[in-house]
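K.L.:
In terms of my numbering, the sequence shown opens at residue 401 and continues consecutively.
Built from N, CA and C at the ideal position, the CB exists for glycine as well.
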Amino acid sequence: MSRILLATLGSLGDLHPYIAVGRALTARGQPVRVATSIDYRARVEAAGLEFAPLAPSIAELGAPEQVARRFFDPSRGPQRLFEAMVTRPLQRAYEDLLAATEGVTLAVSHPITPALPLIAEHRGLPWLSGALAPYSLFSRLDPAVIENFQWLHRLPRLGGWPHGWLLALMRQTVRRWERPLHELRAQLGLPPIRGAMLIDGQFSRLGTLALFDSPLATPQPDWPPRTWVCGAALYDSGDPECATSQADERLERFLAAGEPPVVFALGSSAVWIAGDYWKHAAAACNMLGIRAVFLTGTPLPQQLPANVAAFDYLPYSRVFPRAAAIVHQAGIGTLSFALRSGRPQLLVPVGFDQPDNALRAVRLGVGRVLPFRRSHHAVRLARELRAVLADPAHERRSAALAEQLRTVDGAGTAAQHIIECLDPSDVAAGVSGANA
401 MSRILLATLG SLGDLHPYIA VGRALTARGQ PVRVATSIDY RARVEAAGLE FAPLAPSIAE
461 LGAPEQVARR FFDPSRGPQR LFEAMVTRPL QRAYEDLLAA TEGVTLAVSH PITPALPLIA
521 EHRGLPWLSG ALAPYSLFSR LDPAVIENFQ WLHRLPRLGG WPHGWLLALM RQTVRRWERP
581 LHELRAQLGL PPIRGAMLID GQFSRLGTLA LFDSPLATPQ PDWPPRTWVC GAALYDSGDP
641 ECATSQADER LERFLAAGEP PVVFALGSSA VWIAGDYWKH AAAACNMLGI RAVFLTGTPL
701 PQQLPANVAA FDYLPYSRVF PRAAAIVHQA GIGTLSFALR SGRPQLLVPV GFDQPDNALR
761 AVRLGVGRVL PFRRSHHAVR LARELRAVLA DPAHERRSAA LAEQLRTVDG AGTAAQHIIE
821 CLDPSDVAAG VSGANA
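1. On the DSSP bridge list, what partners appear for residue 527?
2. Would you say residue 712 faces chain C, with C-beta separation under 7 Å as the test?
3. Please work out which residues of its chain come closer than 6 Å, Cβ to Cβ, to residue 625, disregarding the five sequence neighbours upstream and downstream, and give them in chain order.
4. Report the rounded CA-to-CA distance for residue 823 versus residue 745, giving the unit in angstroms.
5. Take residue 414 and list the residues in its own chain whose beta-carbon comes closer than 6 Å to its own, dropping the five residues that flank it on each side.
6. Bridge partners of residue 453, per DSSP?
7. Could you check the C-alpha separation between residue 460 and residue 738 for me, to the nearest Å?
8. From 436, 570 and 689, pick the residue whose C-alpha is nearest to that of residue 368; which is it?
9. In angstroms, rounded to a whole number, what distance separates the CA positions of residue 765 and residue 567?
10. Nearest-angstrom Cα distance between residue 661 and residue 692?
11. With residue 506 and residue 526 assumed to form a contact (beta carbons below 8 Å), what rounded beta-carbon distance in angstroms separates them?
12. Considering only the beta carbon of each residue, do residue 611 and residue 755 sit closer than 7 Å?
13. As a quick exercise: from 731, 503 and 707, pick the residue whose alpha carbon is nearest that of residue 671.
14. Going along the chain, which unbroken runs of the beta strand (DSSP E) with 3 or more residues stay wholly within the region 567 to 625?
15. To the nearest angstrom, how far is the alpha carbon of residue 767 from that of residue 741?
16. Measure how close the beta-carbons of residue 403 and residue 503 come, nearest whole angstrom, since I'm counting them as under 8 Å.
17. Could you tell me the alpha carbon to alpha carbon distance between residue 818 and residue 632, rounded to whole angstroms?
18. Which residues in the same chain as residue 578 place their Cβ atom closer than 8 Å to its Cβ, once the five residues preceding and following it in sequence are excluded?
19. What does a CB cutoff of less than 7 Å around residue 795 pick up in its chain, not counting 5 residues either side in sequence?
20. For residue 767, does the three-state DSSP call read helix, strand or coil?
21. Can you pull the DSSP bridge partners for residue 627?
22. Helix, strand or coil for residue 832 per DSSP?
23. Within 10 angstroms of the Cβ of residue 726, are there 16 or more other Cβ atoms? Answer buried if so, exposed if not.
24. Would you kindly work out how many angstroms separate the C-alpha atoms of residue 471 and residue 574, rounded to a whole number?
25. Is the number of C-beta pairs between the region 809 to 816 and the region 781 to 790 that are closer than 8 Å three or more?
26. Tell me whether the beta-carbon of residue 668 lies closer than 7 Å to the beta-carbon of residue 454.
27. With DSSP as the reference, identify every bridge partner of residue 663, one or two as the case may be.
28. In this structure, what does DSSP give as the bridge partners for residue 847?
29. By the 10 Å Cβ neighbour count, where 16 or more other Cβ atoms means buried, how is residue 374 classified, buried or exposed?
30. Apart from the five residues on each side of it in sequence, which residues of its chain come closer than 7 Å, Cβ to Cβ, to residue 640?
31. When we look at the beta-carbon of residue 637 and count the other beta-carbons within 10 Å, is it buried (16 or more) or exposed?
32. State the DSSP-derived secondary structure class of residue 802, mapped to helix, strand or coil.
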């Protein structure tokens, strides 16, 4: 029986949307194989999906704290990530994906799985591209906030040319990083492409699945052709190897003991570079006389006051709607759950797409931004959080957006687009196999 291949690399924020789409496809009778880092095998299989390994593993990158600091460096972080995740393991990733595409009818790529489009083009395999945030679509007409170039957004009277200049600079820079990709393309006998493969070559002519919510960005004339804004593809399960019942019981006791808390979260990557952030967050909560829940990723060494409860992990869908407000790093997955909670937000972006996601959220009227590098200061953090909690407009707009997004099924919409790109005989074979 033929399968659909979903390939993704990166953090849990990169994995979970593809798991969500995979589950939506299997619910529609289509077998799915997910190719990703070996570290995520248990998560993929717990979701009921077939797993295929894809280099590199997360473990081989090094200690999480060191990796996060290297990748979130505002100057060299993107290049370091690209080298670690794409160019150095390129040959292994190519071989892994070559094996993973066996028996596959259609594949879906991720922005940092550039070997998959090469294999698809070489083998004549239909493929779709995926974009998890507006940041990935490289629009000059709706420009993203780029690290170290935030000042460009303070030049509105100059039109789009500064952002066009920045995109041209990015193409030149990225093309230098990705020389091994162009060499592999030549080895496969594929024609050369102009520009950068990571920017120009990552989008499929068949279509692109934009797995973010439409209020964040509307389609632009310079987006890749046939880009479908599906909505966020949400998946919220924890580590299947960790028991969560005790955490659930402790959460319920804490919530029942007082007023709704402010929930602080840093996603699955920025938690590794939190440093003294949690100490300042606790001090800010004490200044304001409020309760808080910290989602810290790992146990905290310091003692916390009684008005603060810390958890390594809690499903966002369970705790965000019960918060007074949410303080988070503006990763696209975290933001998607926060938008659905109906609660106001203080966004503390760290890097990559997060500053752009944060700006888009503020434009929607749901909260304020305090860059992560400035949030390690209790007085400043308390001042910004007080402003979020005191403004009823944030709460009204947050509630209205949550209602607007209540019926959005990004994973289901993406699955339907994928099925519509299949040969009808493959769709029928999948459904009949599922019913057998």
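P.N.:
Taking the coordinates as given:
1. 507
2. As a matter of chain content, chain C is missing from the structure shown, which is built from one protein chain.
3. none
4. 44 Å
5. 408
6. Per DSSP, 436.
7. Rounded to whole angstroms, residue 460 to residue 738 spans 32 Å at the Cα level.
8. Not covered by the structure: residue 368. The range shown for the chain is 401 to 836.
9. 28 Å
10. 4 Å
11. 5 Å
12. no
13. 731
14. DSSP runs (the beta strand (DSSP E)) wholly in the region 567 to 625: 608 to 610.
15. 13 Å
16. 6 Å
17. 15 Å
18. 482, 486, 487, 514, 596, 597 and 598
19. 744
20. strand
21. 608
22. Its pLDDT being 41, under 50, residue 832 is placed unreliably by the model, and nothing is read from it.
23. With 16 or more other Cβ atoms within 10 Å, it is buried.
24. 16 Å
25. The region 809 to 816, when compared against the region 781 to 790, does not touch it at the 8 Å Cβ threshold.
26. In this structure, residue 668 keeps its C-beta atom at 7 Å or more from the C-beta atom of residue 454.
27. 693 and 726
28. Within the shown structure, residues of the chain are numbered from 401 to 836, placing residue 847 beyond reach of any answer.
29. Nothing about residue 374 can be read from this structure; the chain reaches only from 401 to 836.
30. Contacts found: 442, 443 and 446.
31. exposed
32. Residue 802: helix per DSSP, three-state reduction.
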